[in-house]
């Protein structure tokens with residue numbers, strides 16, 4: 001059987017008294033397009049951060065290509081490289097698009113500025129932003145900033161065979177975008193899978209993004225994987241957790257946090273209650 005690129009064995013994570021992940025087993029295989037879904041605050045982004053080595057689990061083990069990770073990514077070197085696309089793009093406002101995309105090579109490689117410029121232009125062209133390297137993040141739309149972060153994630157040193165990203169991690173890549181911009185980003189994810197990195201894990205709430213970018217899904221709730229299956233099972237599985245999440249129903253095993261919602265007013269002029 002193919003060895004997983006990433007494997008969780010009994011991973012647990014707490015923040016204070018709150019258990020975010022509770023004895024999770026998870027594997028990501030070469031060529032996977034794994035979607036992580038579930039209500040807000042259930043640990044989806046935490047899974048990505050643990051995979052990336054940015055957050056350390058409180059219990060259990062994380063294996064990267066068969067090698068047990070000890071500590072955080074800064075404490076050692078993983079046997080494979082992975083890149084993360086953050087929800088808010090996480091660009092440096094004071095740097096140009098070219099400087100943002102090329103930041104990793106500028107800081108870590110001995111490549112000339114001219115060669116890095118050429119590599120950056122190649123990646124910008126791949127994400128549809130050719131010739132925009134001299135702009136600043138503030139001059140771009142939200143969708144364009146997301147695409148810049150994609151270009152940064154797939155930039156690698158062509159002279160180092162170990163520098164190719166083996167896994168891309170997407171944290172809510174279409175959050176806050178209008179439907180057209182979301183479609184552009186979804187197309188981009190599929191294009192990068194074919195042309196840059198064939199394996200990725202994506203966290204998303206958006207229905208179209210789930211359906212267009214995922215082959216396999218897991219649903220997290222209260223620290224546990226409540227359901228997992230293929231995208232084809234999304235509409236046919238009778239699992240109550242999945243059915244409630246997909247349909248958006250209030251009734252079901254997923255508890256709705258409504259303590260912060262004010263009761264509906266019975267007044268004929270409800271605006272008056274705020275005066």
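In full-length UniProt numbering, the protein residues as written are 1 to 275.
The beta carbon of each residue, even a glycine, is placed where N, CA and C say it ideally should be.
For clarity, every value in this text was computed on a predicted model and none was experimentally measured.
Alpha carbon to alpha carbon, how far is residue i from residue j?
i	j	result
residue 29	residue 2	7 Å
residue 269	residue 251	Legend: pLDDT at residue 269 = 48, less than 50; position of this residue unreliable, no value from coordinates given.
residue 199	residue 36	14 Å
residue 108	residue 156	11 Å
residue 163	residue 238	43 Å
residue 39	residue 172	13 Å
residue 182	residue 202	14 Å
residue 119	residue 138	23 Å
residue 170	residue 71	22 Å
residue 46	residue 12	11 Å
residue 85	residue 145	11 Å
residue 241	residue 248	11 Å
residue 136	residue 93	7 Å
From what residue to what residue does the alpha helix (DSSP H) around residue i run?
i	result
residue 144	142 to 154
residue 192	179 to 195
residue 242	240 to 247
residue 52	44 to 52
residue 97	97 to 101
Based on the DSSP output, what are the partners of residue i in its beta bridges?
i	result
residue 82	167
residue 7	27, 63
Is the beta carbon of residue j closer than 8 Å to that of residue i?
i	j	result
residue 62	residue 97	no
residue 166	residue 80	yes
residue 225	residue 20	no
residue 33	residue 211	no
residue 184	residue 229	no
residue 151	residue 127	yes
residue 231	residue 245	no
residue 82	residue 52	yes
residue 105	residue 116	yes
residue 209	residue 186	yes
residue 42	residue 49	no
residue 153	residue 168	yes
Which stretch, first to last residue, makes up the beta strand (DSSP E) that contains residue i?
i	result
residue 224	224 to 230
residue 119	Looking at the DSSP string, residue 119 is not in any beta strand (DSSP E); the run it does join, the alpha helix (DSSP H), is 113 to 126.
residue 37	33 to 37
Check your understanding: Three or more C-beta pairs closer than 8 Å, one from the stretch 189 to 197 and one from the stretch 215 to 226: is that the case here?
Key -> no
**Study point:** Three CB pairs or more closer than 8 Å across the stretch 89 to 109 and the stretch 50 to 65
**Key:** no
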